[in-house]
Amino acid sequence: MDRLVIDDQRRRDLYLVVVKLTDVAARAGFVLAATYGLPIAQAGQFGLFVTLVTLFAFAFNFERHIDIQRRTAGEPHPVFDRAVTSALGFFAFNWLLMIPVFLVSAALLTHASWDLLGLAVLIVVGEHLSNQAYQYALISPRYYPLLLVVTVKNIVLLMIVLYRALLSREGFDLEFALEIWAIGAVMCTAALGVMWAKLRQAEPRTRPFRFADDILGQHRASATHFMLGLIAILILQYDRLAVGALMSLDQVGLYFRHTLLVSLAYQAFNVVSFNRITPAIFAEAKTQDIAHIRGRVLREYGKTLIGTPLLLGAAWLANLLTGGAYAERFHLSLLLMAVMLAGFMLRAAADFHALILNARHREADVLRQQAIAFVVGGVLLGLLTWRFGVYGAASAGVVTSGLYLALVARSVAVAERRSAGAAA
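Residue numbers (the numbering used here): 480 to 903.
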């Protein structure tokens, strides 16, 4: 019986990984195809829109799914669905609060027209709700079909962009890219709403709505995890904001054509490795010491290292086979890509060490080390980007990730010594 349960869990994990990887590949393909298909300046605008959509979709969520998972683990379906239902009102409040900030940020960075900014609002809300489909599928297998809808949407967007950019004679521009993205976001959101209404089994409310509890209370419950996630995502994304603020749209487009490839590698790392191993690490942390957990995550990190040189080698081979035409056409630099991949490798190692601390309920240590790396890296990023352009921004990312790794690895070593001393 236990073996059957384990096999069933493995099948569910495999399904989730395969579908999510397909989703990540399709969305990344859509973004990459648009970035490489657009003129270089419009590619810069599109990249900035993608960055702001990612940041604000995260801000809308406020890492609410972590507290929901913690409170509803092992509870019946109606309890979980009630928490999801309550979160929808929480999200609506966040939309009202943050969409004006999103509009101002997008206007200042992209210099886009108001009709394009309106499309961006539809996109950011739709992407936020699409992200929730994955977060809730991680908690409850009943939500797997929602993730499938999101995946289909991203595949369709990818096919449309590839056709328009490569085969159609009508041309491909920023307005078309945002229009189809917005249409896809609206249609996907409608489909998710219908499906969720059918599977929903929420238990009835036992008390009337109270703003202090149902809205502000959810902010308080998720505040620490939100700060952790916010610093983490800013460390990964603020180089794009700095480039967008300090450089021309042509240079921004050049930078995004490189960093989006590395971002794809990071997303794949999260799906294939980090997200997959996290539940097991949390479970083992209850019975195993830090040395055992550290050995486990370092073995997992070793697997991650294999993919990085393969990605750089594929780019080098493509350039070699085309006699340099590949790099010349798309304004690509293998050196710039190599610098960015070095930053990714350091960041992945830091994330694994932070996972050890989170598993031992030492979130405060992670937050402190992230804050130090964020402040130091932010100053360095501004200076190096201003002085050396896109190469300076990429180099600042390497230094920031390396600093974060050094700090969080030191915290793990201190925690291990204290744990060993307590056991003795």
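The beta-carbon is built from N, C-alpha and C at its ideal position, and this holds for glycine as well.
None of the values given here were measured: they were computed from a predicted structure.
- Judged by their CB atoms, Phe509 and Asn633 are nearer to each other than the 8 Å cut-off.
- Each of Ala770, Leu815 and Val854 was checked against the Cα of Val891, and the nearest Cα belongs to Ala770.
- When only Cα atoms are considered, Leu784 and Ala676 end up about 42 Å apart.
- The Cβ atoms of Asp729 and Ala512 lie no closer than 8 Å to each other.
- Non-local beta-carbon contacts of Glu842 in its own chain, meaning distances under 7 Å to residues more than five positions away in sequence, involve Thr703 and Leu707 in chain order.
- Between the region 670-690 and the region 805-825, the count of C-beta pairs closer than 8 Å stays below three; the two stretches do not touch.
- Contact between Met819 and Thr738 holds, with the beta-carbon distance rounding to 6 Å and staying under 8 Å.
- Sequence-distant partners of Gly876 (beyond 5 residues in either direction) whose C-beta falls short of 6 Å from its own C-beta, in its chain, are Asp718 and Gly822.
- Beta-carbon to beta-carbon, Phe705 and Glu542 are separated by about 4 Å, close enough to satisfy the 8 Å threshold.
- Judged by their CB atoms, His832 and Val887 are nearer to each other than the 8 Å cut-off.
- Close CB contacts of Phe559 within its chain, under the 8 Å cut and outside five residues either way in sequence, are with Ile547, Thr551, Ile618 and Ser619 (chain order).
- Under the Cβ criterion (8 Å, minimum of three pairs), the region 752-766 counts as touching the region 774-784.
- For Lys632, the enclosing alpha helix (DSSP H) starts and ends at Tyr623 to Leu641.
- Excluding residues up to 5 positions away in sequence, Thr530, Thr533 and Leu534 lie with their Cβ nearer than 7 Å to the Cβ of Gln716 in the same chain.
- The alpha carbon of Ile851 has as its nearest neighbour, out of Ile694, Glu554 and Leu713, the alpha carbon of Leu713.
- Counting other Cβ atoms within 10 Å of its Cβ, Gln848 reaches 16 or more and is therefore classed as buried.
- Taking 8 Å as the cut-off, the Cβ atoms of Ala656 and Val640 count as close.
- Nearest Cα to Leu836 within the set Ala794, Leu495 and Ser898: Ser898.
- The beta-carbon distance between Thr589 and Gln488, rounded to whole angstroms, is 44 Å. This is too long to meet the 8 Å contact definition.
- Our two residues, Gln614 and Trp593, have alpha carbons roughly 32 Å apart in a direct line.
- By the CB criterion at 8 Å, Val629 and Asp502 fall inside the cutoff.
- Assigned with DSSP and collapsed to three states, Ala681 falls in coil, not helix or strand.
- With a cutoff of 8 Å on beta-carbon distance, Leu598 and Ala661 are scored as near each other.
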